[in-house]
Every structure is written in structure tokens, then in C-alpha cells.
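Engineer: The sequence shown begins at 1329 in my numbering and counts up one residue at a time.
All C-beta atoms, glycine included, are put in the ideal place defined by N, C-alpha and C.
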Amino acid sequence: MNMTLFSATGCVRCRMAAVFMDERGMSYEKEDALGQGKDVFKQFYREHRSAVTRGPDGIAFPILFTGDTVVQGLGPVLAFLQAGAALEPFVTLDHSPHGWISGLDLSARPLPDGSDLLAVLRFLKQKRLNIQMEACGRNPHILTSVITEGLCDKVVFTLHGPASRYEDLTGLPLDEADLSASLSLLTSVKDYTILLPVRPVSTSQGPGVSITPEEAGQAARLVETATGSKKHPFFIQPAAPREEGLEPLTAPRLFKYRTLCRRFMVMADIWKPA
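1. Could you give the DSSP three-state label for G1431: helix, strand or coil?
2. For T1521, which residues from the same chain have a beta carbon less than 6 Å from its beta carbon, with the 5 sequence-adjacent residues on both sides left out?
3. Once you ignore the five residues that flank E1357 on each side, which residues in its own chain have a CB closer than 8 Å to its CB?
4. Could you give the first and the last residue of the continuous alpha helix (DSSP H) run that contains I1470?
5. Using beta-carbon positions only, say whether T1476 and T1515 come within less than 9 Å of one another.
6. Can you tell me which of the three DSSP states R1450 falls into?
7. Count the other C-beta atoms from every protein chain shown that fall within 10 angstroms of the C-beta of A1505, then say buried if there are 16 or more, exposed otherwise.
8. Buried or exposed for H1488, please, with buried defined as at least 16 other CB atoms from any protein chain shown within 10 angstroms of its CB.
9. When you compare the CB positions of L1523 and T1486, do they come within less than 9 Å of one another, or not?
10. How far does the alpha helix (DSSP H) with Q1371 in it reach, from first residue to last?
11. Taking only three categories from DSSP, how would you classify F1592?
12. Would M1595 be called buried (16 or more neighbouring beta carbons within 10 Å of its own) or exposed?
13. Thinking just about the alpha-carbon of each residue, which of T1472, F1451, G1395 is nearest to the one in H1376?
14. Quick check on this structure: which residue in L1439, D1519, G1573, A1407 has the alpha carbon closest to the alpha carbon of M1461?
15. In the DSSP assignment, what residue or residues form a beta bridge with Y1520?
16. Among all the DSSP beta bridges, which residues are the ones paired with F1563?
17. With V1419 and V1448 assumed to form a contact (beta carbons below 8 Å), what rounded beta-carbon distance in angstroms separates them?
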């Protein structure tokens, strides 16, 4: 496989990607997209513009090109080099501030063997990056390894509802034992947040919500049972509708959710993004 690594002058993450490849004896061409490799990158960009994402600060580097595959961002590049396309659901392009990396979803789908994902996380931590992980309850065995090895600095845990609703809400079933096990591990992370999303949806009876206040209360009760504590950073998150014609949920519509959740999570509140 002929690989080209496009970097940018002064890009720390690009140097990390190059080190990852060098340590594994991978053969590749390195082009500085803003320097001597500017013309090469311009041609590449003209031919593959649709595969390159622009963030708030412009094009994110590094970019890996294999001749037929474009991979952008440090996390996705490392994941591709480690395991090909196998880790695509778990590692996505992020736009984190300096010193942090995110776009890492531990629960994207069932993953019996997490060795490749853990290898990527170990490398990132060796490079002294702060790692933010996303999780929703799947793969508690991998979360255990992540926490035991100190491979994450923050976890954003999306609690979609009681385990019985996961298949309806996420498309994949989740055993309650796995959900409870994952929740029980959160207090071992120095920084974590639990988000319970509530989304406007269309039903046969008209506009509705993804979960009821009572189901939200059941989910909050599970957190208390799994962790043995009523005190966690727990937020009801008004999620954007996925269908046209539905109004976003306002805070007053979530008051009952907060009331029922506070029976089990005394710090429960409505999420207000910064």
C-alpha cells in the first residue's frame, strides 16, 4: 500500500502520526501541505475535496491518503493504521482544543476484542494528550481496561434510557447488566458527565418524545443502584429533532423529567451547553 501523510508546518498531531508510523516500520511519503508539498496537496485536494472536512479553523491535519482511501485527523489516522476500517465507528474526526483529543466512542457497537482500540489509546496517552471518551453502556470490559490503565481523563456517558429501550433508541440492544457495569465504573474517572437525551419524535398519535418522564426516572434509578450514590453530574439533555416539522423541546417541557430523576439523582438538572 502506497501511503502519503499530508501534514502542516508546526502541526503537533502530524508529528504524532509520523511517529506512530515510524515506530511500526511503515513506509510512506510525507508532504508538508503548507510548504514544499503545497502543489502535491493542491492536486490531491482538487481530486478528493468531497472527502476532506473543513473545521472552524480550516482543514484539519494530518491527512492520510492510500491511493483510494482518505483518512483525516489524528485519531482516525491512527485507528486506520492500527486496524484498517474496523475502528471507524469508534474513532472520528474531532476539533478539540490544544492538549485534548475526543471523537472516541467506546460504545459505538459491540466490540468483543478491544485490543486495537486500546493500542490507539495507549499511544495517545503516551503522547500526553488528555483523552475524552464517549460511552453509553456497551463494552464494559473495554471501559474497565481504559480506566485501569488510566487511558481517559473525561467520560461523557450518554444514558439513552432504561436498558429495555436501548434497541428502540439506538438500534442496538443492550443488556442491563452491561449498562449497570459501565455505570458503576464512572466514579473511577476524575471527570465524568451523565447525559440523558430527550428528543422530539413523530408518533402515530402525533408529536411525541423519545422517552417518557417515567422512563427517565427509571434510568436515573439504575444509576443510583449501579453506583450506590444519588450524587452524580446528571443532566437531562434536550436533543435536536431528527425530523422536519418538529419543535425543539423547551426547558419547561423537561421540568417533569428533572423532578422524577431527582428522586434518584439529587443533582439532576437540565443541560445548558456552554
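Structural biologist: Inspection of the coordinates gives the following:
1. strand
2. Sequence-distant Cβ neighbours of T1521 in its own chain, meaning closer than 6 Å and more than five residues away, are V1484, P1561.
3. N1330, M1331, T1332, L1333
4. 1468 to 1476
5. no
6. helix
7. exposed
8. In summary, H1488 is buried, with 16 or more beta-carbon neighbours lying within 10 Å of its beta-carbon over all protein chains present.
9. yes
10. 1366 to 1376
11. Note: F1592 maps to coil in three-state DSSP.
12. exposed
13. G1395
14. D1519
15. In the DSSP secondary-structure assignment, Y1520 is bridged to V1483.
16. F1563 has L1523, D1597 as its beta-bridge partners, per DSSP.
17. Contact holds; Cβ gap of about 7 Å.
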